[in-house]
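J.: With mature numbering (1 follows the signal peptide of the UniProt record, and there is no 0) applied, the sequence shown corresponds to residues -28 to -1, 1 to 196, in that order.
Ideal Cβ placement from N, Cα and C applies to all residues, glycine included.
Keep in mind it's a predicted model, so treat the numbers as computed, not measured.
Structure below; questions to follow.
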Amino acid sequence: MTARTLVSRLRALVLPLLALAVLVQGLAAPLTAAAQTAQPTSFVEACAGKSQERGRLRYCDDYFREALGPQADTVLYLRDRITTLRASQEVNAESNYESFLTAVAIVAFLSIATMVLVTSERRISGIAKWSSVASAAAVLVMVAILTLGWLDKYRAEDAAMLELGLLRDQVEVEASHAIATGRGIDEATIRRWTDRLHEIGIRFANNYGAASIVPDLDRFTPQN
């Protein structure tokens, strides 16, 4: 066998192998790219701007929208609804607590004033009537506190606010886990979320209604 014949045979053997290697590499490249594309983006990366703004890790709408597509509508609506309700709870809880503290301060002031007036009665004639007025005013304020139930309303708002925050965390974490595992959001998960939101609403309505004998219709207007 001559050298030229050997080279020809080697060339005939090597060229098909090189062509096959190029073909395999060309087919593998799209598969690798597709696998990389299918890999879900971490919410830490997708929501980096919001996390930096808040100073802690936070989920964002873009993360769920890009990862879930049409299924994101349910998650986004629940997150928005829970966040809106929680903000309303926070504002009303603060308002009720401030009203309670103001009323307590008034009662304390009137009680102290009554004691001062009573002790000064011997030295200042005619001051007894003012002590009676201050004492009666303190009693009226106490009645108002009990009637309007500011403290119990605050407790109802605060408890609901905590529960809503926990529910929002549950929705976000479970949705994120579904994205990471590629399962998607099934109907049972959505029903569990909405059932818990319903339970929180019923519990809050019962606690808030029992806090005062005076109806507070403004609290349950449509915007709330």
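1) Would you mind listing the alpha helix (DSSP H) stretches within the stretch 13 to 68 that are 4+ residues and don't spill past its ends, in chain order?
2) Measure the alpha-carbon distance for residue 40 versus residue 148 and round it to whole angstroms.
3) Buried or exposed: residue 151, going by 16 or more other Cβ atoms within 10 Å of its Cβ?
4) Can you tell me whether residue 182 is buried or exposed? The criterion is at least 16 other CB atoms within 10 Å of its CB, across all chains shown.
5) In angstroms with no decimal places, state the Cα-to-Cα distance between residue 135 and residue 52.
6) Hey, which unbroken runs of the alpha helix (DSSP H) at 4 residues or more fall wholly within the stretch 142 to 185?
7) What three-state label does DSSP hand residue 201 in the structure shown?
8) Examine the Cβ distances between the stretch 155 to 170 and the stretch 64 to 74 and report whether three or more of them are shorter than 8 Å.
9) Determine the closest residue to residue 57 out of 126, 167, 132, with distance taken between C-alpha atoms.
10) Would you report the Cα separation of residue 29 and residue 37, rounded to the nearest angstrom?
11) Which same chain residues end up closer than 7 Å to residue 146 when comparing Cβ atoms and leaving out the 5 residues on each side of it in sequence?
12) Is it true that the CB of residue 120 sits closer than 8 Å to the CB of residue 172?
13) Tell me which same chain residues have a C-beta within less than 6 Å of the C-beta of residue 144, skipping the five on either side of it?
14) Considering only residues of the same chain and omitting the five flanking positions on each side of residue 179, which have a CB-CB separation below 6 Å?
15) Here's the rule I'm using: 16 or more other beta-carbon atoms within 10 Å means buried, otherwise exposed. How should residue 4 be labelled?
16) Please look up how many angstroms separate the CB atoms of residue 50 and residue 122, rounded, as I've assumed it's under 8 Å.
17) How should residue 47 be labelled, buried or exposed, when 16 other C-beta atoms within 10 angstroms of its C-beta is the threshold for buried?
18) Determine the direct distance from the alpha carbon of residue 169 to that of residue 137, and round the result to whole angstroms.
T.: Put simply:
1) Counting only runs of at least 4 residues, the stretch 13 to 68 fully encloses the following alpha helix (DSSP H) elements, listed from N- to C-terminal order: 15 to 18, 20 to 26, 33 to 40.
2) Spanning the two alpha carbons is a distance of roughly 10 Å.
3) By the neighbour-count rule (16 or more Cβ atoms within 10 Å), residue 151 is buried.
4) Residue burial is scored here from C-beta neighbours: residue 182 has fewer than 16 other C-beta atoms within 10 angstroms and is therefore classed as exposed.
5) Computed Cα separation, rounded: 15 Å.
6) Uninterrupted alpha helix (DSSP H) stretches at least 4 residues long and entirely within the stretch 142 to 185 occur at 159 to 183, given in chain order.
7) A query on residue 201 cannot be resolved here, the shown segment of the chain reaching from -28 to 196 and no further.
8) No contact exists between the stretch 155 to 170 and the stretch 64 to 74.
9) Of the candidates 126, 167, 132, the one whose C-alpha sits nearest the C-alpha of residue 57 is 132.
10) Cα-Cα distance, rounded: 18 Å.
11) Only 161 meet the Cβ criterion.
12) No.
13) Take residue 144, set aside five residues on each side of it, and the residues of its chain with a beta-carbon closer than 6 Å to its own are 31, in chain order.
14) So the list reads 128, once near-sequence residues are dropped.
15) With a pLDDT of 44 at residue 4, under the threshold of 50, the predicted position of this residue should be treated as unreliable, and no value is reported.
16) 31 Å between Cβ atoms; not a contact.
17) Buried, by the Cβ-count rule.
18) If you draw a straight line from the Cα of residue 137 to the Cα of residue 169, it comes to about 11 Å.
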